[in-house]
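S.K.:
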Amino acid sequence: MQRKQSSKNSKQPLQVHHSNQTDLSAWRKGGKPDPEKSLQNPTSHNSQANESEQDSFEQAVSYFEKVQSPVSLRKNEVLQKHLATVESTALEKGLPPEAFDVLLNVALSGKFADAVNTRLLKSLIPASVIPESSLVSSVSWLCVSKCSGSIQLLFIRWVISMFDFIDHKDQLHALYGFFFSFLQDEKMCPYVCHLLYLLTRRESVKPFRIRKLLDLQAKMGMQPHLQALLSLYKHFCPELVSITLSGRMKTYFKNSEGPWKAAISAIRRRNQKKSPVFQPLLLGTTQHQSRKRKWNTQLILPASSASTSNLADVKDKNSDLYNISKSFPVEQLQTFSQLLQNIHHLELPSQMGSVLTHPLLLHYMNCIKDESIYLRLHYWMGQTLQEECTWCVVDSSQYEEEFKDFLEIVHKAECFLQEGFSSCEEFLYRSLPFWDGFCCRSQVLRLMTWIPLSSFSEMKSYLYGPLAQLFFTSSLYFKCSVLESLKELLQNWLNWHMIELGSESDSQNHSLNTTLSGLVNVVAELIHFVGRISAIALQLENNVTFLLYFILDFYETVCDIYLRYNLPLLIMPPAGVFYPALLSMDSVSLNQLCYIMYRYRTNLVAAKENEMIKKKVLQFQFSSQTYQEYNQYLIAMVGCLWTSNAFQKDIHPEGLRLDEEVLKKTRVKDFKNSFNIVYHPALMGYALLFLQQAWPDDNTFNFSLIKGRKWNWYLEYLYAQGLKGLKLFIESSISRVSLVSQSKEGNMVSLRPERGCSCWRCDRVATQEEEEEEEAAGAPACGPGTATSLLNHRDSPDVARSPEPPARRAPKVGPAGSRFPGIGAGAVGRREGARCLRPCPFVAVYPEAAHAPWPGRKAFALALPNLAAGELVVGNHVLVITGKTPNPSLAAPLGLRQVGGRWNSSGQSWDSAGGTAAPLQIPGESVQPRPRSAPHTALSLLPAAMPAPAAERGGPAARPAVGAGRGTSGARLGAAG
Amino acid sequence: DPQKAASLLRKQWSLYSVTPLYKFSGARLKEYARLLGAFIAAEKQKGLAVEVGVDADVKVTFASLPELRGDPQDQPAMLVQLSSRSSVSPKSSDEKLIWSGCFCCVSGEDLLENVPEDFTCLPLFLANGAESYTAMVGSWFQKTFDCHFCRLSISPLNLSWMAAMWAGCSVEKNACATELVFSVPCLPQPLDISYAIHPEDAKALWDTVQKTPGEITQEEVDLFMDCLYSHFHRHFKIHLSATKLVKVSTAIASAHCNGTIKLLQSRYLTGVLMLLTELAISQIQ
């Protein structure tokens, strides 16, 4: 059942009214150019025919207007002709508003026989609207009862069917009492009830009318039409009448649309754009009660209904009337314009829970600052969530679908309000420790995105703890959806912060009372949390690209916080995220990482500029650590991708750095190239395609051909393949020697050039000092000297130290160098040398107790193909050995290959296949592993299967554009020269 | 009216927590009674409309119980009673009480602190009678005052508190025994263990446990229960600590974990209701 109400209510501007009240000629003009109709009606192509049609219709109307005495249809051909004209016009395009007055008058005056009247009434189909005045005059005809009962009935049915097309309803409302008196007629009663149902407003409900209806009920018993009308009365005035309808949905009113159904749907289709919004008025019976559940254990969203809160005024009729004129009941609120007009005296529903499904009331909630509204909703929602939570309440798992729907509704409302409900937050905190991560997963995660920004201590114990536990123990897809939700949570917080910034002036004391530093801390904690779980997740899931995508997606928001959200916060991803992305097998991840690094740079530059412009001590500055971290990553990235200095230039403590001697022992030629844009596993495919295109005849796949001008072509090729992130990164972070003079950034004082890459210094003062010292010493910050010193390690004193590390550099890099040995520093073998059947494997060295993920794990896991998983303790280092079989395709760029076709070759197969293999030899004093577990199996490190790029054939030194003469390919950002 | 309060005694009550009532007024109880009466009449004869104010066969009375509160800020408790009128002789006064419910708040200032004045805090609701009536009255309150009813069950921890607190209350000599009922989990058949103690013994034990009179700590409650457990173990070799306490019944009151309570002593009525109010508040906050 629907209560239909036209959007064209009494309060609409008058001009609409006027536009509808056109004369016949205007209608005719309007009718002509309608292309749709002319297409439907082939005759109307002929405008002449069209014209004559109009004329004949006008003649018909004037005929009916002038006809005086009763005429028999059968004998009068004129009448027949005009009647047919009216019928055909009505069916074709509907009648103009002006025709209704005339035709209704004729039909209800009883001048013709019932057959004519019936035909007239049935053809009363509006083209646009029906003027209210014609209805008023026809109701006056009903009063004098000139027409028969059946015509009266047909008229009432016609009014019901056409109710939505009546242009105004004020005067019709004034006739409420008249229609009410028709209830006496037993035949008409059902239709009159329907009409009254459409007309009833709160002020129509009067005690005497209720009594009359109750009398009828006593006389006729339980009639659905009476029930519907009475329940509407109860809806408006619960203080006067009470009725409970049975739970089953049923039809309360007989179908009165019958004769006009097809025509009405045609008009609706025609007027689709301006058709009113039909909104069902809930009678309180639409709730499905299919199952027997204990009282109040069923999830029911309350229907909006009048409140009895102004009962006190009922006694005094005058004040009651006064009150009614003042407040606007929520049941009548159906359009946005109504909301705007009545926003100051809107009467809210008795149960606030109903706003969740009422978009207009949500609008209202959004703009009103009434605490009691939120409090009522809070209490109701808090209890409902608690009671219905399917994983907290015993025996409620069967109602999961219902609960899901409820959570959906709540989430939709939150999205609408762009604000989280505190009751939802509490619910999450309460129920997450018991959540299995499966039940209502997407709904719960979506609710999580709207957790309001609050003090962190709560978040940590209530949200992060349980969430991390679930995260680590659940599937890859769960991990990804959690990361996605946390990204949205971060975005919501940042958006909220932006809005707060904008409205800071007008709202002085916000309820959250968060200072900027508090806000920064909370956001930072979230980012750190995501960083931690991401790094661990990457280890757990073997750096799978899918996961990496979601992680990098999160950091795409993080890297832009300063510029996009105006929050002084930049946090670099942990090494456990950065390195897997850098060494990823997929160009997507690498490209994403490049983009992120580019954005970090942009943000840091902007921050630096702002600091310099303002020349004052800002409350918040990025810590020097942020700049350092960025620089370290940048050095690593440029070293890998561009300058082919992989394993050497990385100064990050958890970075990708190997002792050169160890690298030599791998017998991989040109290991330095392994991760440049040609040989990088993520990009090698592109290089291959590029080679095929550039040298179609050459089948040797000689990658070293990509150098010099070809290198530039290759770069363009990569850009054209959609690696936009790579483009932005290279163009911003690497200025090539030939371009230095044009580089805009070259003028930037704050930027510090480095060899091979552009780097940052955070502390300007220190930077300048360093600059001077460097100039004096002639040693660049990350030059070879530094790199060598980084390789030094206190536990392997005999590893050659850098001959002369700059003395002042030593303390700077010393701590990092001594804390972490660097990957591969413990690469060891057996002293026995060449004859050894079971050479010690090339192992990853972890700092003891460091659970931080080892970034280069993927690449180096290759070196341990056939070892049982386990741990070895060497000195104060833990050697972690994974039992994974590496992907052979990854082996190629590293210069590794299988032995005897299998990775898990035994010592014998090593021997048999190892004609070319030379076991690792250990420098005299290197660290000896003391195996605690099973004996080692053999391992082979062989020259690359791929044609090893020989030094003389390629490499960075040979690239002309890259400043080979200086031993570096990178250019300077600042004082290059 | 002390008699009204006394009507709370010796009845089995189901416990509910109720969120604050919106726009409730203690001055309009008569009106509420009429509306609720009509609502119940309409509910009983589904589909037929009922005029408000017309006598129905179920009579509703609302009564205020101002003496049932802990401190003056508390809202006065409200007793709702349904009684059936015999249809044979409508004038006769033999109305039979068929259902009663009581909203109360005893020392609930924790909740009161943050609630705006439009709201009335009566967080504890006790109902006695057919659940169908509880459902009708509850839904009417929910619709009229935008509140929410929720069953209030009592956790074993709170039951042990009740056992300890009520053990310390002095009662007359021939009072009934203090009885604790334990349920053994994880059995195919339900197995309950009843542990009855002479109230004087229980009091003597509690007096040795309690350090400061008028103040109870969780440690003391744990110690009290541990003493009872070890005593039981000495005799029956059963560790009651591994079972679940489901019922405590003393001369003061008896409470079941499923959220039912029987109040027995008028002297300790407010004391017990205060504890229950606290539980109700913790459930709605």
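Same order as they appear, the protein sequences are chains P and W.
The number in this note's numbering is simply the position in the first sequence, starting from 1, with 2 added.
Residue 151 in this note's numbering sits at position 165 of the second sequence; the count goes up by one each step and never skips.
Just so it is clear, CB atoms sit at the ideal spot from N, CA and C, and this is done for glycine as well.
No experiment lies behind these values; they were computed from the predicted model shown.
If you check the beta carbons only, do P:Lys256 and P:His196 fall under 9 Å apart?
M.R.: yes
S.K.: Grab the span of the beta strand (DSSP E) containing W:Ser240 for me, first residue to last.
M.R.: Ala239 to His242 is the extent of the beta strand (DSSP E) around W:Ser240.
S.K.: Strictly below 8 Å CB to CB, what residues from chain P border W:Phe104?
M.R.: The residue you asked about is not Phe; residue 104 of chain W is Asp in the sequence shown. Neighbours of W:Asp104 on chain P, chain order: Ser374.
S.K.: Which residues in chain W sit within 8 Å of P:Arg213, going by Cβ to Cβ distance?
M.R.: Glu37
S.K.: Since W:Phe131 contacts W:Leu7 with CB under 8 Å, what's their CB separation in whole angstroms?
M.R.: 4 Å
S.K.: Using a beta-carbon distance below 9 Å, is W:Pro95 in contact with chain P?
M.R.: In the sequence as displayed, the identity of residue 95 of chain W is Glu instead of Pro. False, the Cβ-Cβ gap to chain P never drops below 9 Å.
S.K.: Where do the N-terminal and C-terminal ends of the alpha helix (DSSP H) with P:Asn714 fall, by residue?
M.R.: Residues Arg711 to Ala722.
S.K.: Along the stretch 350 to 361 of chain P, where does the CB come closer than 7 Å to a CB of chain W? Name the residues.
M.R.: Ser352, Gln353 and Met354
S.K.: Among P:His413, P:Pro576 and P:Tyr254, whose alpha-carbon lies nearest the alpha-carbon of P:Ser425?
M.R.: P:His413
S.K.: If you compare alpha carbons, which of W:Lys32, W:Gly33, W:Val92 and W:Ala42 is closest to W:Pro58?
M.R.: W:Val92
S.K.: With DSSP as the reference, please indicate the residues paired to P:Phe330 in a beta bridge.
M.R.: Per DSSP, P:Leu348.
S.K.: Can you round the beta-carbon distance between P:Lys113 and P:Val80 to whole angstroms, since I take them to be within the 8 Å contact cut?
M.R.: That pair is no contact at about 14 Å.
S.K.: What does P:Val243 touch in chain W if you count any residue whose Cβ is under 9 Å from its own?
M.R.: Ala24, Ala28, Ala35, Val36, Glu37 and Val38
S.K.: Return no unless some Cβ of chain P is closer than 9 Å to the Cβ of W:Ile270.
M.R.: yes
S.K.: P:Ser735 to P:Ile653, Cα distance in whole Å?
M.R.: 17 Å
S.K.: Can you tell me whether W:Asp80 is buried or exposed? The criterion is at least 16 other CB atoms within 10 Å of its CB, across all chains shown.
M.R.: Exposed: under 16 other Cβ atoms inside 10 Å.
S.K.: Quick check on P:Arg669: does DSSP put it in helix, strand or coil?
M.R.: coil
S.K.: My guess is that P:Leu569 and P:Met639 are in contact by the Cβ rule of under 8 Å, so how many angstroms apart are they, rounded?
M.R.: With a Cβ gap of about 26 Å, P:Leu569 and P:Met639 do not count as contacting.
S.K.: What residue from P:Ser90, P:Leu110 and P:Gln229 has the CA that sits closest to P:Ser125's CA?
M.R.: When each option's Cα is compared against that of P:Ser125, the closest is P:Ser90.
S.K.: Applying the 10 Å Cβ sphere with the 16-neighbour rule, what's the burial state of P:Phe180?
M.R.: exposed
S.K.: Check the Cβ-Cβ distances between W:Tyr8 and every residue of chain P, and say whether any is below 9 Å.
M.R.: yes
S.K.: Looking at chain P, which residues of the stretch 153 to 185 of chain W have a Cβ within less than 7 Å of any of its Cβ atoms?
M.R.: none
S.K.: Distance, Cα to Cα, P:Phe436 vs P:Leu491?
M.R.: Near 21 Å, if we compare the C-alpha coordinates of P:Leu491 and P:Phe436.
S.K.: Return the residue from the list W:Glu37, W:Ala28 and W:Thr5 that minimises the CA-CA distance to P:Asp2.
M.R.: There is no way to answer for residue 2 of chain P, as the model of chain P reaches only from 3 to 979.
S.K.: Give the straight-line distance between the Cα atoms of W:Leu249 and W:Arg137, rounded to the nearest whole angstrom.
M.R.: 18 Å
S.K.: Name the two residues that bound the continuous beta strand (DSSP E) containing W:Leu65.
M.R.: Ala63 to Ser70
S.K.: To the nearest angstrom, how far is the alpha carbon of P:Asn244 from that of P:Leu228?
M.R.: Rather than Asn, the amino acid found at residue 244 of chain P in this sequence is Ser. Spanning the two alpha carbons is a distance of roughly 13 Å.
S.K.: Inspect the CB distances between the stretch 551 to 560 of chain P and the stretch 481 to 498 of chain P and report whether three or more fall short of 8 Å.
M.R.: With a cut-off of 8 Å, the stretch 481 to 498 of chain P and the stretch 551 to 560 of chain P count as touching, because enough Cβ pairs lie within range.
S.K.: Compute the distance between the beta-carbons of W:Trp126 and W:Leu22, then report whether it is under 9 Å.
M.R.: yes
S.K.: For a contact meaning CB atoms closer than 9 Å, what does P:Trp382 contact in chain W?
M.R.: Thr5, Gln128, Asp132, Cys133 and His134
S.K.: Do P:Leu685 and P:Ser589 come within 9 Å of each other at the CB atom, strictly closer than that value?
M.R.: yes
S.K.: When we look at the beta-carbon of P:His530 and count the other beta-carbons within 10 Å, is it buried (16 or more) or exposed?
M.R.: exposed
S.K.: Is the CB of P:Leu514 under 9 Å away from at least one CB in chain W?
M.R.: Bear in mind that the predicted position of P:Leu514 carries a pLDDT of just 48, short of 50, making it too unreliable to give a figure here.
S.K.: For a contact meaning CB atoms closer than 7 Å, what does P:Met224 contact in chain W?
M.R.: Gly33 and Leu34
S.K.: Classify P:Asp57 as buried or exposed, calling it buried when 16 or more other Cβ atoms lie within 10 Å of its own Cβ.
M.R.: exposed
S.K.: Roughly how many angstroms separate the alpha carbons of W:Leu209 and W:Ser141, rounded to a whole number?
M.R.: 18 Å
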